[in-house]
Amino acid sequence: MRKWIVAVCLCFLVLLFSYCRQQAGSAVSSDSPYLNHSDTAEYVGMSVCRQCHADKFSTFVHTGMGMSFGLATKEKSAALFGPHVQVYDSILDFYYHPFWQGDSLMIMEFRLDGADTMHKRTEHISYIIGSGQHTNSHLLQVNGYLYQAPITFYTQKQEWDMAPGMSGGFNSRFGRVIESECVTCHNGLPEQVAGSVNKYTGIPLGIDCERCHGPGSIHVARISSGIAVDTANAFDYSIVNPRGLSTELQNDLCFRCHLQGINVLHPGKEFADFKPGQHIRDYWNIFLPRFDGKNDQFLMASQADRLVQSKCFIESGKISCITCHNPHVTVKETPISLFNKPCLDCHQLPQSTCTETLEVRSLQNDNCSGCHIPKSGSIDIPHVSISDHKIQIPGREQEKEDGKFTGLVALTDPDIEPVEMARGYLRYYEGFVSESAMLDSAKAWLERSRHDDLYDATQAHLWYLQGNMQGLLQMDVKMGNKVPDSWTAYRLGEALLQEGNYSAAANRFKQAVDQLPLQLDFRFKYASALYLDGQTEDAGKEFLFITRENPGYEKAWMNLAVWYINKGDVVAAEEALQNAVALNPDYLQARLTLTDLYLRTRQRTKAGVMMQYLLRYHRDEPLVQELNMRYRSL
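For the sequence shown, position 537 matches number 1780 in the working numbering, and the numbering has no gaps at all.
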């Protein structure tokens, strides 16, 4: 007891000098005993936790979570580099070459025409995402906006390849948006700029203590004030200790990131709102597909989904992730005996003794998980081998027939509303399986839903994906002056834009922009509608704003160039078009417009370079033939 008092006093002295925030309030929701569930609780950062918990800190930073995210440095990178390292996207015909320029990690995209380089674009990599146990992926930050680069290093096979989801014609190059749903699982909570989806002012360097324990300001303030709880005899409700949670809430904490599926937020909620000790279902729903017959394919971060299908999990009712895993210690340094202990706690009777031969048991070092939690690949991440957390008898799954899709299930809410099921199917269609049957299922669930604002938003989403612009136009009339959520406003704006009602479209897009002013796709459509409506000055200012926010936004450069041309500023238009083509050599509209500009300004040499490309890749285009005739007569 005396040692405990001394430790608290030492910690108290350290915190007096390291933590100077005002003590947080203690208001808390009525159904939670945890003080740090209060909206007044703040995140203090792992360096503050380290003051008292240095032992936990020193081991945690070597875990997969502790090493999940970092600056792009040579120390952080697990990749191989060299002059001949390159990845080729055969569909888009781009090569990618990663290299170090001093201490800066760069990725160069290029295209070859024989031995000549006809396109080259180089981007600076700001962050590496992934601990290096399986992968290193790469993020670039442009004026605060976070995007993923197109190539990943797969450490288990020691090879570079296209990033997950970017092969097979889905290469978004340097433009994959990294929203909060992604970054809040792979990292500590970032400081996101209000009104944006992927702009951040502060990004932590790895998953930290408070992702599992909740915000620490109240806990630190109480310790600093000399208020401490002897945790050997009572719970300290100023902060969450997952060991003190129910099995269900322990799993919800881990399922936040290890139950990868189709996440659908409740209206008004954000992923960063969830805190340890709370139910995921209060913030969003998680959907996953189910199949009859064989079900041996899974996503990499779907450990939880596999676990809950296990007979052990179902029958015991008390298995959580931390039954087997100590989150403070890397699995690489966890003895097999600790993984085996939970198994032996149940399987210790004579009839539960392992029936495998001694030879096989010896090969596995009597490791239960070696056979019953086998290694496997995943369907979403190539070149990796991970543990299949469906505890099983080896070979049983392979004896079944191949599975057929039977529908989505909501794993977070057993009493889910029909409209939420419809939303799940729409997201599944957008992100995974673009088959009309998914839209049919969404429609069927929606027909069972009560009519309210969420119904209208979901109906608009369905009609948008179906291409039912007439339905959206009718909804626009029905809504009148009502301001819908940002995405519904955007979808209504699209229908009005296609209808040719540019003024009304601009108004709807403006509603979307007002709610998310830094969602640049919304802003681009707003500017385009303004331009078509004849409000060219306002449109030009919007296009200019977008290019300043993100100089990599090629479509904004294109439309800005047209604005400059109509103003008579040929020099600015040429520069804008050159930017668009440099970003995307396959941007045909930008190439055609730039070639036309060169011909009009009698820049024959530059026009010849552009014509060489156009004749090689787009010879049969009527506009290319017309430009070629003008070029030859110049």
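Where a beta carbon is used, it is the ideal one built from N, C-alpha and C, also for glycine.
Keeping to the same chain, check which residues put their C-beta closer than 7 Å to that of residue i; ignore five residues upstream and five downstream.
i	result
valine 1249	Annotation note: pLDDT 37 at valine 1249 (below 50); position unreliable, no value reported.
leucine 1787	Leu1803
glutamine 1832	Met1801
serine 1374	Gly1307, Met1310 and Ser1311
For a test of the three-state rule: what should DSSP assign to residue i, helix, strand or coil?
i	result
phenylalanine 1255	Because the pLDDT at phenylalanine 1255 is just 35, under 50, the model does not fix this residue reliably, and the value given afterwards should be weighed accordingly. Residue state, collapsed to three classes: helix.
serine 1290	helix
asparagine 1506	strand
glutamine 1435	strand
valine 1603	helix
glutamine 1868	helix
tyrosine 1860	helix
isoleucine 1334	coil
asparagine 1484	coil
lysine 1768	helix
phenylalanine 1324	coil
isoleucine 1466	helix
phenylalanine 1260	Its pLDDT being 35, under 50, phenylalanine 1260 is placed unreliably in this model, and the value from its coordinates should be taken loosely. Reduced to three states, the DSSP call for phenylalanine 1260 is helix.
glutamine 1762	coil
leucine 1448	coil
lysine 1618	strand
leucine 1542	coil
serine 1311	coil
isoleucine 1624	coil
glutamine 1713	helix
glutamine 1754	helix
serine 1269	Any answer about serine 1269 is weak, because its pLDDT of 36 lies below 50 and its placement is not dependable; what the coordinates show is given next. In the structure shown, serine 1269 sits in coil (DSSP, three-state: anything other than H, G, I, E or B).
Between which two residues does the beta strand (DSSP E) containing residue i stretch?
i	result
aspartate 1356	1347-1356
glutamate 1366	1359-1368
glycine 1613	Where glycine 1613 is concerned, there is no enclosing beta strand (DSSP E), although the alpha helix (DSSP H) it sits in stretches over 1611-1615.
isoleucine 1579	Premise fails: isoleucine 1579 lies in the alpha helix (DSSP H), 1579-1589, not in any beta strand (DSSP E).
alanine 1653	1648-1653
threonine 1790	Looking at the DSSP string, threonine 1790 is not in any beta strand (DSSP E); the run it does join, the alpha helix (DSSP H), is 1779-1792.
threonine 1444	1443-1445
leucine 1531	1527-1534
Quick one: give me the first and last residue of the alpha helix (DSSP H) that residue i is part of.
i	result
glutamine 1383	The displayed chain sequence assigns leucine, not glutamine, to residue 1383. Run containing leucine 1383: none in the alpha helix (DSSP H); it sits in the beta strand (DSSP E), 1378-1385.
aspartate 1298	1297-1303
asparagine 1809	1797-1810
proline 1661	1661-1674
isoleucine 1557	1554-1559
phenylalanine 1498	1490-1501
alanine 1515	Note, alanine 1515: premise wrong, no alpha helix (DSSP H); not H, not E.
arginine 1843	1831-1843
glycine 1736	1729-1742
aspartate 1683	1679-1689
cysteine 1597	It is not in any alpha helix (DSSP H) - cysteine 1597 carries neither H nor E in the DSSP assignment.
Sort out for me which residues DSSP pairs residue i with in a bridge.
i	result
isoleucine 1394	Met1405
serine 1410	DSSP output for serine 1410 lists no bridge partner at all.
leucine 1389	Gln1384
tyrosine 1339	Val1330 and Glu1352
isoleucine 1562	For isoleucine 1562, which the question treats as bridged, DSSP gives no partner whatsoever.
leucine 1877	Its beta-bridge partners do not exist; DSSP assigns none.
valine 1420	Tyr1390
aspartate 1636	The question names aspartate, but residue 1636 is isoleucine in the sequence shown. Its beta-bridge partners do not exist; DSSP assigns none.
Find the nearest neighbour of residue i within the set the options, judged by alpha-carbon distance.
i	options	result
isoleucine 1421	Ser1410, Phe1413, Gly1411 and Pro1433	Pro1433
phenylalanine 1396	Asp1757, Met1872 and Val1627	Val1627
methionine 1878	Ser1630, Asn1494 and Trp1527	Residue 1878 lies beyond the stretch modelled for the chain, which goes from 1244 to 1877, so this question has no answer here.
serine 1423	Lys1442, Phe1417, Arg1666 and Asp1359	Lys1442
isoleucine 1562	Lys1584, Pro1578 and Thr1573	Lys1584
histidine 1340	Glu1318, Thr1378 and His1367	His1367
proline 1760	Lys1810, Leu1837, Ser1439 and Glu1602	Ser1439
glycine 1412	Tyr1331, Gln1294 and Gln1376	Tyr1331
lysine 1633	Leu1550, Ile1466 and Gln1713	Leu1550
phenylalanine 1342	Ile1334, Ala1322 and Gln1435	Ala1322
leucine 1488	His1522, Ala1815 and Lys1317	His1522
glutamate 1558	Cys1589, Asp1535 and Val1574	Cys1589
cysteine 1500	Val1463, Arg1465 and Thr1427	Thr1427
threonine 1360	Asn1484, Gly1613, Asp1336 and Tyr1370	Asp1336
arginine 1691	Leu1669, Met1664 and Arg1873	Met1664
glutamine 1493	Ile1461, Gly1457 and Val1507	Gly1457
glycine 1714	Lys1784, Glu1742, Thr1838 and Gly1560	Glu1742
glutamine 1376	Gln1344, Gln1399 and Gln1294	Gln1399
valine 1662	Met1681, Thr1701 and Asp1656	Thr1701
Apart from the five residues on each side of it in sequence, which residues of its chain come closer than 8 Å, Cβ to Cβ, to residue i?
i	result
glycine 1504	Ile1529, Phe1530, Leu1531, Leu1542, Ser1545, Asp1548 and Leu1654
lysine 1753	Tyr1769
threonine 1404	It is aspartate, not threonine, that sits at residue 1404 in the sequence shown. Val1330, Ile1394, Thr1395, Tyr1397, Ser1410, Pro1625 and His1626, listed in sequence order.
Quick one: residues in its chain with C-beta nearer than 6 Å to the C-beta of residue i, no 5 flanking neighbours on either side, listed in chain order?
i	result
isoleucine 1446	Pro1433
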